[in-house]
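Read through the structure below, which is laid out as structure tokens, and then see the notes.
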Amino acid sequence: TVKVEINGTAVEVPKGTRILDAAKKVGVKIPALCVHPDLEPWAACGLCIVKVEGSPKLPRACATEVVDGAKYITHDPELNEVRRTTVEMMLANHPNECLTCGRSGTCELQTMAANFGIREIPFDSRIPEIARDESTPSLVLDPRKCISCGRCVLVCQQMQDVWALEFLNRGDETRMMPSGGALLNESPCIKCGQCSAHCPVGAIYEKDETKRLLEAIRDPDKHVAVQIAPAVRVALGEAFDLPAGEITTGKIYAALRRLGVDAVFDTNFAADLTIMEEGTELVERLTKGNGEIPLITSCCPSWVDYMEKYYDDMIPHFSTAKSPMMMQGVLTKTYYAESKGLSSKEIFSAAIMPCTAKKFECSRDVNMFASGEQDVDVSLTTRELARMIKSSGIDFHSLSDEDADAPIGAYTGAGTIFGATGGVMEAALRTAHYLVTGNEHAGITFEDVRGMDGVRSAEVQVGDTTLRVAIAHGIANVRDLMNQLREAKAAGQEPPFHFIEVMACRGGCISGGGQPYATSSDETREQRIAGIYKDDEKSEFRCSHHNPFIKKVYDDFLGAPNGKKAHELLHTHYTP
Ligand code: HC1
Ligand code: SF4
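Adding 2 to a residue's 1-based position in the sequence shown gives its number in full-length UniProt numbering.
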């Protein structure tokens, strides 16, 4: 450890601690706009300069390690003035559009300007004239608002290993954009939205489609059905000042009804259905040689996009089961519509997702119109739902819990845990044992597949087979796993794994690019994950094959898992 002083307060910290973190330990917040706990510091914004007693240097606290015995001054009138000028210069280069900006109220630059009490900007305004990029179905890039903090570039390159974004130009002209000034949909972007989740201002944000749902609600000829994803229930509360991980499922159902939707369903129901389809697929591949091993999960649309771009040789390994969102959509427009005497045209089906890539998935031409219409008409993020609730005068806190509508709203704990990394795997394992042996597994939980390590593997006994499974989250963690597969295949060796789960975002969907903004990263992720497992524990049924409504939908409508009708409605294909 090393001993230092921060503004006269002694503190002992491990060697290698940065000044910013040492200051935090004694309750001192040093301002910074480029720093994010998920990312390596790279000292871009200059706000975090501090003084060192006896030295003329002004080190940047985010990137500089403490030196034993040093005495740091983090705040004094001179430092304040320098920081204030830095913020003023940023504001001069930033459009003055707070009132109409999607980040108003959550913008870190706005907060900084407020904290410094800036009332006028003593520099000439120099706003670049660069058009907004709305080329993807998921995100909007507004380079005029970029403050060149670098977070989006770092997250895209380091955490996601996609390299869709780069810094173009130099100095004041620096802007984050796809390489060569291309549009985002011409870049390798996988629409994960992690850039938007890490942007401190309104330079990258989800494409707002709330109007489409509101218009459908007002249309007397439309019967509006809305589903909510597993991860939404443990994060939406944050937009209403509840702690991360607080389970608000019943309030969300109630809020949707107050907004005027006709039916409230739960994606978790279709997650149970996915387990029946994907579990059956796994068992058929394992026992009948009916397809390639390992089976790889395909419910994450950003992962599918990445695989199609970079690992298209893995297509035969992908589960053909559609994602829960798409299964729920097609059942809404077929099974549910029929039960109401409605046609698929008369239903408007919307999804509330933690994810920006789901906006892209629902309009893809890969059997996503299996009902004859687009099965999910619109996919909105958790952030968009929060705005709809706030703008409709609904006091979220005072809502009483309500239930989802039967029969495609009831779910098991296995459906909920889809929202956390390792959850799809664990849900599949809970049912695979039954599908292979006809007997229930002795325990419900599979702790070995849980956790936050970027890549995890485990061995699980299923009947006579020792199933080797692996889990990866955060696209940067996928490469090693896929290369291992490629190598084993090329060498004609047995595959290293039987079943692999991949989620594009760190922590899984709970940390999707469309979730409420949170800068505490892993701490928030762990709180949301704890909420997911709490929801699982309090569920009456915890295995997908125990969901009585899943049995009913197969009996009434679908036939057998992986049967003819199930294939027509619930499966997809991939395009290299
Ligand atoms: Fe997910 Fe999924 S878990 S992809 O992470 O398979 O978005 O929450 O809805 O479809 O169920 C997201 C979450 C979500 C699907 C399910
Ligand atoms: Fe990169 Fe994901 Fe943003 Fe696309 S959506 S630019 S892949 S971080």
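Note that the Cβ used here is the ideal one computed from N, Cα and C, for glycine as well.
Classified as exposed, V84 has fewer than 16 neighbouring CB atoms from the shown chains inside 10 Å of its CB. Bounds of the alpha helix (DSSP H) holding V438 are 425-439. Annotated three-state conformation of P303 is helix, per DSSP. Per DSSP, H573 lies in no beta strand (DSSP E) segment and is marked neither H nor E. The residue among C151, E363, G195 with its C-alpha nearest the C-alpha of G476 is G195.
Contact check for L572 against E375 fails: the beta carbons are separated by 9 Å or more. Within 10 angstroms of the beta-carbon of I129 lie fewer than 16 other beta-carbons, which makes it exposed. With a 10 Å radius around the Cβ and a threshold of 16 neighbouring Cβ atoms, F125 comes out exposed.
Within the same chain, and ignoring the five residues on either side of P232 in sequence, the residues whose Cβ sits closer than 6 Å to its Cβ are N270, T418, F420, G421. Collapsing the DSSP output to three states places I51 in a strand. CA-to-CA, the gap between A115 and L35 works out to about 12 Å. Contact annotation, I249 with R177: C-beta distance approximately 41 Å; criterion of less than 8 Å not satisfied. In the structure shown, the three-state DSSP call for K31 is coil. Residue state for S351 is assigned as strand, using DSSP reduced to three classes.
The C-beta of Q463 has fewer than 16 other C-beta atoms within 10 Å across all chains shown, which makes the residue exposed. Distance from the C-beta of N270 to the nearest heavy atom of the ligand HC1 is below 8 Å. Its chain contains I51 as the residues whose beta carbon lies nearer than 6 Å to that of L60, once the 5 sequence neighbours on both sides are disregarded; these appear in chain order. Following the DSSP letters along the chain, one finds Y207 inside the beta strand (DSSP E) bounded by residues 206-208. Every alpha helix (DSSP H) stretch that sits fully inside the segment 177-250 and reaches 4 residues is listed by chain position as 196-200, 212-220.
In the three-state DSSP reduction, I534 falls in the helix class (H, G or I). Note that the segment 99-110 touches the segment 198-210; at least 3 beta-carbon pairs, one per stretch, sit closer than 8 Å. Out of F118, K567, F501, the CA that lies nearest to the CA of E461 is found in F501.
The DSSP-derived three-state label of T11 is strand. Distances between the C-beta of K193 and the heavy atoms of the ligand SF4 include at least one below 8 Å. Under the three-state reduction of DSSP output, M370 falls in the coil class, being neither helix nor strand.
Judged by the Cβ position, M355 qualifies as a neighbour of the ligand HC1 at the 8 Å threshold, a heavy atom of the ligand being closer than this. Its chain contains S137, T138 as the residues whose beta carbon lies nearer than 7 Å to that of N187, once the 5 sequence neighbours on both sides are disregarded; these appear in chain order.
The DSSP-derived three-state label of F499 is coil. Ranked by Cα distance from S546, the first of D558, A444, L487, L431 is L431.
Distance between G510 and E80, taken at the CA atoms: about 44 Å. Taken in chain order, the unbroken stretches of alpha helix (DSSP H) that lie wholly in the UniProt domain "4Fe-4S His(Cys)3-ligated-type" (80-119) and span 4 residues or more are 110-117. Counting only the Cα atoms, T383 lies some 14 Å from S351. Secondary structure note for S393: its alpha helix (DSSP H) is the uninterrupted segment 384-393.
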